[in-house]
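Novice: Once you've had a glance at the structure underneath, I'll fire off some questions.
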Amino acid sequence: MAEVDYAHIFAALPSPFMVLDKDLRFVGANAAYVATTGRTLDELRGRYIMDMFPNPGESGRRLLLSLERVVATGETDTLAFLPYPIPKGDGTFQNRYWTAVHVPVFGDDGGVEFVLQNTVDVTELVRMREAATLPFTSLSAETSLIERTREAERASADFRRLFQQAPAFFAVLSGPEHIFTFSSDSYARLIGGRSVIGLPIAKALPEMVEQGIVSVLDQVYGEGIVHAAEGARVMLENEPGKPAQETFLDFSYNPIRNGAGDITGVFVQGMDRTESVRAAQRQRLLIDELNHRVKNTLATVQSIASQTLRNATDISAARQAFEARIIALSKAHTMLSDRQWNDTEIGHLVRQELSAFESEQVRFAGPTLVVNAKATVALAMVLHELATNAAKHGALSTPTGTLAVNWQDGDDESLILDWVEQGGPAAREPAQRGFGSRLLRTVVTGEMGGSLDLHYEDTGVTARLVIPLSAYQVQENQFVQ
Amino acid sequence: MYSDRRRIFVVEDETLVLINLEDMLGDLGWTVAAQAMWLADAERLAASIEPPDAAILDVNIGGTTVFPAARILADRGVPILFATGYGRDGLPPEWQDHPVIVKPYTQRDVATALDALVGSAS
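Here it is as structure tokens:
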């Protein structure tokens, strides 16, 4: 059997190979390399590579770095994509793109003695890629060397995965019809998981057509302008089978250009801002509502002050009455804020207002009944006025008097509250209607739309308050909708 | 002598605020021709009472807005003054040309606003 002649095989390899010593001077090159570079073996041999193919730019730096790395580390190094102009015979330069693999060849002492370079001219491939408009196309399809393929695929795949999984959304639209050639995971979520690859945007997202998306994209594609928007409101079908939802986006459309500067597509990137816009809206609503409540409460306090002073006979009594009313209002607010201003239970309200009195004199009972915030404040003020009157003129003004407060759930779900004073001085209807009775009547019959049965008996005051369900029932999310 | 007093329609859903407003209006020489604390009552009265000389309407009443009743009054030619804790921002565009008093308001605020709305009594 003939011995294998490696020198001949090297010379005959169909892709360009050359060998450098560890000073990066040419030792040898095969025929394919000679043909590609347009230099003879004699011209190359012994010459420093950077003198032979000088390149002061980024590409030259990368090439030198890669070669030096192989010499220093003894590990293979690959340049997946290297633009490198090559001098033509006539002294001019031609722009070419290369993929280069640098492999160490070890000497007897175990150190790197030579560097073997295999290059493939990928200029045609680069042109194809630019024409294809998809920036993430793998370089591999037409290359025959597996390592180069892997390297190129890995770089492309890493890049693609980065975009694919990014929290921001990305999409690539190619050609004048704006055909989807890439969409990231977050973009897919944004559009309700619809399959859009290969479809023109007008077909992929039909609801966007009437919102003017096509003409904007036409402008970006046709005139090369960048279109950007912040917090833009669009109606997007972001759940399968459901109508378009209000969505707020920060986004930009950038033209994609090929090496020649021609626009081949549109790069779409952005963020779904719907949640933060909604949160800001909710906060605005809450602040407005808080402001409204504070203003209303101040108007209430203003009214209490005004009413107390209008009916006052002496300033000291007026001050005490005013303070007591403000405290009653404040306690109602405390009960509400303890429950996130939602509602309160009628038993708590009654106990709160009557807790100041001797427990043997006061009896109250009734089922658990929850009332809304507005009814809480109104009933707290009513109970306060009734209790104040009982303490000043009624059953609670003497040690022998008793007060019974009972409430029940009426047939039509109305709240019926009975206030019965006994054993105190005889009650007499006041000659002039005071604040207390006016408040009681207006709250029950006006604000709560109920009925009031108020009697001044010899045995004491009795009152039956009937409050319809609509006035006290709790509504979920009364103001934030 | 009360026949000379001007008549006003009041919508306000807070008892204490209503009582205070009624007293202010009494002091200012107005008679409250009707008052409502719910939209349904407000709409019914707005359509049925003899047209008053003016109306003071609380914008937010019982979880809704007073505008349906305001529309009825406006169509009947009743001058409208809005009262609200939200201020002018609480008014939608179609009502922006109507005067507003912001809660809490003083008797003087009410007097000034009503004078501008219907002219001074003197």
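Heads up: the sequence lines are chains A and B, in that order. So the first sequence is numbered by UniProt numbering: it starts at 1 and just counts up by one. So the second sequence is numbered by UniProt numbering: it starts at 1 and just counts up by one. Think of the CB as a built atom: it goes at the ideal place given N, C-alpha and C, for glycine as much as any other residue. None of these values were measured; they are calculated from a predicted model.
1. Quick check on DSSP: helix, strand or coil for A:M271?
2. Kindly list, in the order they appear in chain B, the residues whose Cβ is closer than 9 Å to that of A:R273.
3. Do the CB positions of A:F106 and A:V19 come within less than 9 Å of each other?
4. Check for me: the alpha helix (DSSP H) holding A:H348 runs from which residue to which?
5. Could you tell me the boundaries of the beta strand (DSSP E) in which A:P200 lies?
6. Going by alpha carbons, who is nearest to A:K392 out of A:S337, A:K88 and A:A317?
7. Using 10 angstroms around the beta-carbon of A:Q165, count the other beta-carbons present and answer buried if the total reaches 16, otherwise exposed.
8. Do the CB positions of A:V377 and A:I346 come within less than 9 Å of each other?
9. At the 9 Å Cβ level, is A:R438 part of the contact set with chain B, yes or no?
10. Less than 6 Å between C-beta atoms, sequence neighbours within five positions excluded: which residues of the same chain meet that for B:I56?
11. How would you list, in chain order, the residues of chain D whose beta-carbon sits under 8 Å from the beta-carbon of B:L16?
12. Taking C-beta to C-beta, are A:V101 and A:D121 nearer than 9 Å?
13. Name the chain B residues whose beta carbon is nearer than 9 Å to that of A:N311?
14. With A:R61 as the anchor, note down where its alpha helix (DSSP H) starts and where it stops.
15. A:I315 by DSSP, collapsed to three states: which one?
16. Just to confirm, are A:L82 and A:L63 a CB contact at a threshold of 9 Å?
17. What span of residues does the alpha helix (DSSP H) with B:D109 cover, start to end?
18. Helix, strand or coil: which one does DSSP assign to A:H333?
19. If we count the other Cβ atoms within 10 Å of its Cβ and call it buried at 16 or more, is A:L354 buried or exposed?
20. Would you mind telling me which residues of chain B sit closer than 8 Å to A:E323, beta carbon to beta carbon, in chain order?
21. Under a Cβ-count criterion, where at least 16 other Cβ atoms within 10 Å of its own Cβ denotes burial, should A:P399 be classed as buried or exposed?
22. Going by Cα to Cα distance, which pick from A:D288, A:R25 and A:T92 is closest to A:V71?
23. Nearest chain A C-beta to B:L114 closer than 9 Å, yes or no?
24. Let me make sure I understand the geometry here. Which of A:T300, A:A332 and A:V405 has the alpha-carbon closest to that of A:A373?
25. Tell me which residue opens and which closes the alpha helix (DSSP H) that B:P68 is part of.
26. Can you list, in chain order, the residues of the segment 8 to 41 of chain B whose Cβ is nearer than 7 Å to any Cβ on chain A?
27. Can you tell me whether B:I8 is buried or exposed? The criterion is at least 16 other CB atoms within 10 Å of its CB, across all chains shown.
28. Anything in the segment 88 to 118 of chain B with a Cβ closer than 9 Å to a Cβ of chain A? List those residues in chain order, please.
29. Can you look up A:N372 in the DSSP assignment and give me helix, strand or coil?
30. What does the Cβ neighbour count give for A:L173, buried or exposed, with the cut at 16 atoms within 10 Å?
31. If you draw a straight line from the C-alpha of A:E421 to the C-alpha of A:A395, how long is it?
32. Is B:M1 helix, strand or coil by DSSP?
33. Do you know how far the Cα of A:R278 is from the Cα of A:I287?
34. Classify A:H8: buried if its beta carbon has 16 or more other beta carbons within 10 angstroms, exposed otherwise.
35. Let's test the definition: count the other Cβ atoms within 10 Å of the Cβ of A:A463 and tell me whether it reaches 16, buried, or not, exposed.
36. Suppose contacts are defined by Cβ-Cβ distances below 9 Å. Is A:E246 in contact with A:L205 by that definition?
Specialist: In short, the structure shows the following:
1. Strand, per DSSP.
2. The contacting residues do not exist; A:R273 stays about 24 Å from chain B at best.
3. In this structure, A:V19 does not lie closer than 9 Å to A:F106 by Cβ.
4. Counting along the chain, the alpha helix (DSSP H) containing A:H348 begins and ends at I346 to L354.
5. No beta strand (DSSP E) holds A:P200; DSSP gives it neither H nor E.
6. Checking every option, the nearest Cα to that of A:K392 belongs to A:A317.
7. Exposed: under 16 other Cβ atoms inside 10 Å.
8. Not a contact, by the Cβ cut-off of 9 Å.
9. Interface residue, yes.
10. For B:I56, the CB contacts under 6 Å within the same chain, skipping 5 residues up- and downstream, are V10, L81 and A83 in chain order.
11. In the displayed structure, chain D is absent; the protein chains listed are A and B.
12. No, these two residues do not count as a Cβ contact at 9 Å.
13. Correct list: empty, because the minimum Cβ distance to chain B is about 10 Å.
14. First-last of the alpha helix (DSSP H) with A:R61: E58 to T73.
15. In this structure, A:I315 counts as helix in the three-state DSSP scheme.
16. Yes, the Cβ-Cβ distance between A:L82 and A:L63 is below 9 Å.
17. For B:D109, the enclosing alpha helix (DSSP H) begins and ends at Q107 to V118.
18. Helix, per DSSP.
19. Per the 10 Å Cβ criterion, buried.
20. Chain order gives no chain B residues near A:E323, where near means a beta carbon separation below 8 Å; the closest approach is about 16 Å.
21. It is exposed - the Cβ of A:P399 has fewer than 16 other Cβ atoms within 10 Å.
22. Of the listed residues, the one whose Cα sits closest to A:V71 is A:R25.
23. Interface annotation, B:L114: not in contact with chain A, CB-CB separation never under 9 Å.
24. Considering only alpha carbons, the answer is A:A332.
25. Its alpha helix (DSSP H) spans residues F67 to D75.
26. Cβ contacts with chain A come from D13, E14, T15, L16, V17, L18, I19, N20, D23, M37 and W38.
27. Counting other Cβ atoms within 10 Å of its Cβ, B:I8 reaches 16 or more and is therefore classed as buried.
28. Here the close residues are D89, G90, V102, K103, P104, Y105, T106 and Q107.
29. DSSP places A:N372 within a strand segment (E or B) once states are collapsed to three.
30. Only buried fits A:L173, as 16 or more other CB atoms lie within 10 angstroms of its CB.
31. Cα atoms of A:E421 and A:A395: separation of roughly 6 Å, rounded to the nearest angstrom.
32. Note that B:M1 has pLDDT 45, beneath the 50 cutoff, so the model's placement of it is unreliable and the number below is only indicative. B:M1 sits in coil when the DSSP states are folded into three classes, being neither helix nor strand.
33. If you draw a straight line from the Cα of A:I287 to the Cα of A:R278, it is about 14 Å long.
34. Residue environment analysis places A:H8 among the exposed positions, since fewer than 16 neighbouring C-beta atoms fall within 10 angstroms of its C-beta.
35. The residue in question, A:A463, is buried, as its Cβ has 16 or more Cβ neighbours within 10 Å.
36. Cβ atoms of A:E246 and A:L205: not closer than 9 Å.
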